[in-house]
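Student: Chains as they are written, first to last, in my numbering: chain A, 578 to 793; chain B, 578 to 793. Ideal Cβ placement from N, Cα and C applies to all residues, glycine included.
There are 2 protein chains.
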Amino acid sequence: MHSFSEENYLKAIYHLGADGAKISLTAIAEALHNNPASVIDMVKKLTEKKLISYDKKKGAKLTNSGIKAAMEIIRKHRLWEVFLLEKLGYKWDEVHNIAEQLEHVGDSGLAERLEKFLGFPDYDPHGDPIPKADGKIAEVFKTMLIEVEAGKQYKVVAVKDTSAEFLHYLQKLGIGIGTRIKVIEKIAFDGSLVIQIEKNTNTTISNKFAENVLVS
Amino acid sequence: MHSFSEENYLKAIYHLGADGAKISLTAIAEALHNNPASVIDMVKKLTEKKLISYDKKKGAKLTNSGIKAAMEIIRKHRLWEVFLLEKLGYKWDEVHNIAEQLEHVGDSGLAERLEKFLGFPDYDPHGDPIPKADGKIAEVFKTMLIEVEAGKQYKVVAVKDTSAEFLHYLQKLGIGIGTRIKVIEKIAFDGSLVIQIEKNTNTTISNKFAENVLVS
DNA sequence: ATTATATTTGCGGCTAGTCTAATTAAATAC
DNA sequence: GTATTTAATTAGACTAGCCGCAAATATAAT
């Protein structure tokens, strides 16, 4: 078993690597709200444990066993999120922080049982796919709302940011997983978008906001 | 919020104090499989936080806020045990270790929701009462099997030891919460008991075993 | 009362994980 | 190609939580 801290590093590295970019020490430090000097120690440790490889030029990269470990944590995290939302009645923006703690509890056996109890859900409440017991994770076709073409209607499939502030704002606007959104107009000046949510009146959103809403 | 370690100390002190005996540093050390020298540090810390009081002669004692904190942990522990057994299908002897980790997750809000989801259970799978949100805990009238008089029939209401070995053995003998037991004979020589479990043939159990089965 | 045993406590030291400050190396700008 | 900025790294220090040893203090036994 890996320590609480090790698991958080693995998870962070996994997420940072999602877009194929180089994973620098500073990127990891930022993701974990840590100091780069702290990160380097843990990177050394994880390298010794053969969970990641690290090269100053190429950055950090999960090894196969690192990926496997990260998947198990993410699997538990997302399953617990489903549990908290569906069974305990938590709101969308509340589940993340609690799942962050629950994800480190128990072993893969717990995930198996929880998954079965929840009826083998495929997605968590933020629209992210739940890795299966074998580590396989569904590829989701998704685009940032900022990048889609105007006029066509899309469906919200996930959100990028999972902060309470963002999720709260989404809720206020009436946007959730499955909500239909049409981009009416792109404002060239500052990149903001005028969008139509379901069949309601138009709303203007910032480009930062539009970068964190994923549609397909 | 208190640390993982602090919470374990509070829980241990609570349990040690159940029979009114003096709670010495060595007793705490033993309960937590720690060194007495480590215990004294934490005892100082908990005293500063006004969660316990400590006096060399009188031993350690939870303050009111210490009791409150301990209750919340025990409440979460026992609720999670019910969840693991009833919802995830874990066996009697498996729930304790996982609940030991889950008990430190989240806040009292989580306990409230979990309790509601589980239908406000009064007892955990080991027969121990689950503290309510206000910290009240049902007094259970229970006696060690070793102390009851022969000939009368009793019902198992709880177990003292929660080790996997003990629980496993219980299961093997067909003893669980609610099982009816009659003491047939007390062997003066070594304190073992001949008992009848439900309506089955007689079995002999050691006095150590009989000290850990609680009946009423 | 004196010895024997057990408990408490102080002290130094250890590991994991973090920090700040300073240094070195690499990337970018000019 | 040198200067400037940014990133990586080293060194030293800190906290939480634990340990072992040894001295001091209680408690129990004779």
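If the cut is a Cβ gap below 9 Å, which residues of chain A does F697/B touch?
Tutor: None at all; the shortest Cβ gap to chain A is about 14 Å.
Student: Below 9 Å between beta carbons is the criterion; list the residues of the region 647-666 of chain A that meet it against any residue of chain B, in chain order.
Tutor: Those would be L661, K664, L665 and G666, in chain order.
Student: Can you tell me which of S793/A, F581/A and S601/A puts its alpha carbon nearest to the alpha carbon of G636/A?
Tutor: If we check each option's Cα against that of G636/A, S601/A comes out closest.
Student: For a minimum of 3 consecutive residues, which ranges assigned as the beta strand (DSSP E) are wholly contained in the region 636-660 of chain A?
Tutor: You should have 636-639.
Student: Would you call the CB atoms of R690/B and G666/A closer than 8 Å?
Tutor: Cβ atoms of R690/B and G666/A: closer than 8 Å.
Student: Suppose contacts are defined by Cβ-Cβ distances below 8 Å. Is S769/B in contact with I752/B by that definition?
Tutor: Not a contact, by the Cβ cut-off of 8 Å.
Student: Taking 8 Å as the threshold, find out whether the region 618-627 of chain B comes into contact with the region 664-683 of chain B through three or more Cβ pairs.
Tutor: Short answer: they don't touch.
Student: Pick out whichever of F786/A, K759/A and F694/A has its Cα sitting closest to the Cα of T778/A.
Tutor: Looking at the Cα atoms, K759/A is the closest of the given residues.
Student: Would G594/B and L639/B be called neighbours here (beta carbons separated by less than 8 Å)?
Tutor: In contact: G594/B and L639/B (Cβ atoms closer than 8 Å).
Student: Taking 8 Å as the CB-CB limit, is I707/A close to chain B?
Tutor: I707/A does not count as touching chain B.
Student: Between P698/B and V616/B, what straight-line distance do the alpha-carbon atoms span, to the nearest angstrom?
Tutor: In a straight line, the C-alpha of P698/B is about 34 Å away from that of V616/B.
Student: With I782/A as the anchor, note down where its beta strand (DSSP E) starts and where it stops.
Tutor: N779 to I782 is the span of the beta strand (DSSP E), which, as asked, contains I782/A.
Student: Quick one: is G683/A near chain B, going by C-beta distance under 8 Å?
Tutor: At least one chain B Cβ lies under 8 Å of G683/A.
Student: If contacts are defined as beta-carbon pairs under 8 Å, then P708/A and I651/A qualify, I think. What distance do you get, rounded to the angstrom?
Tutor: Confirmed, Cβ separation roughly 6 Å.
Student: Give a yes or no on whether the C-beta atoms belonging to V790/A and V733/A are separated by under 8 Å.
Tutor: Their beta carbons are under 8 Å apart, which means V790/A touches V733/A by this criterion.
Student: Opposite P706/B in the DSSP bridges: which residues?
Tutor: P706/B pairs with Y700/B.
Student: What's the call for G755/B, buried or exposed, on a 16-neighbour Cβ count within 10 Å?
Tutor: Its Cβ having fewer than 16 others within 10 Å, G755/B is exposed.
Student: Closest by CA to E742/A, which one among A647/A, D670/A and G704/A?
Tutor: Of A647/A, D670/A and G704/A, the residue nearest in Cα terms is D670/A.
Student: Rounded to whole angstroms, what's the CA-CA distance from D701/A to R655/A? Just pull it up for me.
Tutor: Cα to Cα, the separation comes out at about 5 Å.
Student: What's the C-alpha gap between A614/A and K737/A?
Tutor: C-alpha separation (whole angstroms): 27 Å.
Student: What are the start and end residues of each continuous beta strand (DSSP E) run of 3 or more residues lying completely inside the region 752-791 of chain B, in chain order?
Tutor: Counting whole runs of 3 or more residues, the region 752-791 of chain B contains the beta strand (DSSP E) stretches 757-763, 770-774 and 779-782.
Student: Please list, in chain order, the residues of the region 729-754 of chain A that have any C-beta partner in chain B closer than 7 Å.
Tutor: Answer in chain order: no residues at all.
Student: Does the beta-carbon of M578/A have 16 or more other beta-carbons within 10 angstroms, so that it is buried, or is it exposed?
Tutor: The residue in question, M578/A, is exposed, as its Cβ has fewer than 16 Cβ neighbours within 10 Å.
Student: Could you tell me the distance, in whole angstroms, from the CA atom of V620/B to the CA atom of Q678/B?
Tutor: Cα to Cα, the separation comes out at about 22 Å.
Student: For chain B, check one thing: does any of its Cβ atoms lie closer than 8 Å to the Cβ of L602/A?
Tutor: L602/A does not count as touching chain B.
Student: Taking the CB atoms as reference points, tell me whether K569/B and G712/B lie closer together than 8 Å.
Tutor: Only positions 578 to 793 of chain B appear in this structure, which leaves residue 569/B out of reach.
Student: Alpha carbon to alpha carbon, how far is L587/A from S580/A?
Tutor: Going from the Cα of L587/A to the Cα of S580/A covers about 11 Å.
Student: Whole angstroms are fine: how far does the CA of H673/A sit from the CA of Y731/A?
Tutor: Answer to the nearest angstrom: the Cα atoms are 25 Å apart.
Student: Out of L722/B, L695/B and K653/B, which has the shortest C-alpha to C-alpha gap to I714/B?
Tutor: Checked all of L722/B, L695/B and K653/B; the closest Cα to I714/B is K653/B.
Student: Measure the C-alpha to C-alpha separation of I605/A and S740/B and round it to an integer number of angstroms.
Tutor: Whole-angstrom Cα-Cα distance: 41 Å.
Student: So if DSSP puts V733/A in a beta bridge, which residue, or which two residues, is it bridged to?
Tutor: Looking at the DSSP assignment, V733/A forms a beta bridge with V792/A.
Student: Exposed or buried, D705/A, counting other C-beta atoms within 10 Å across all chains shown (16 or more means buried)?
Tutor: Buried.
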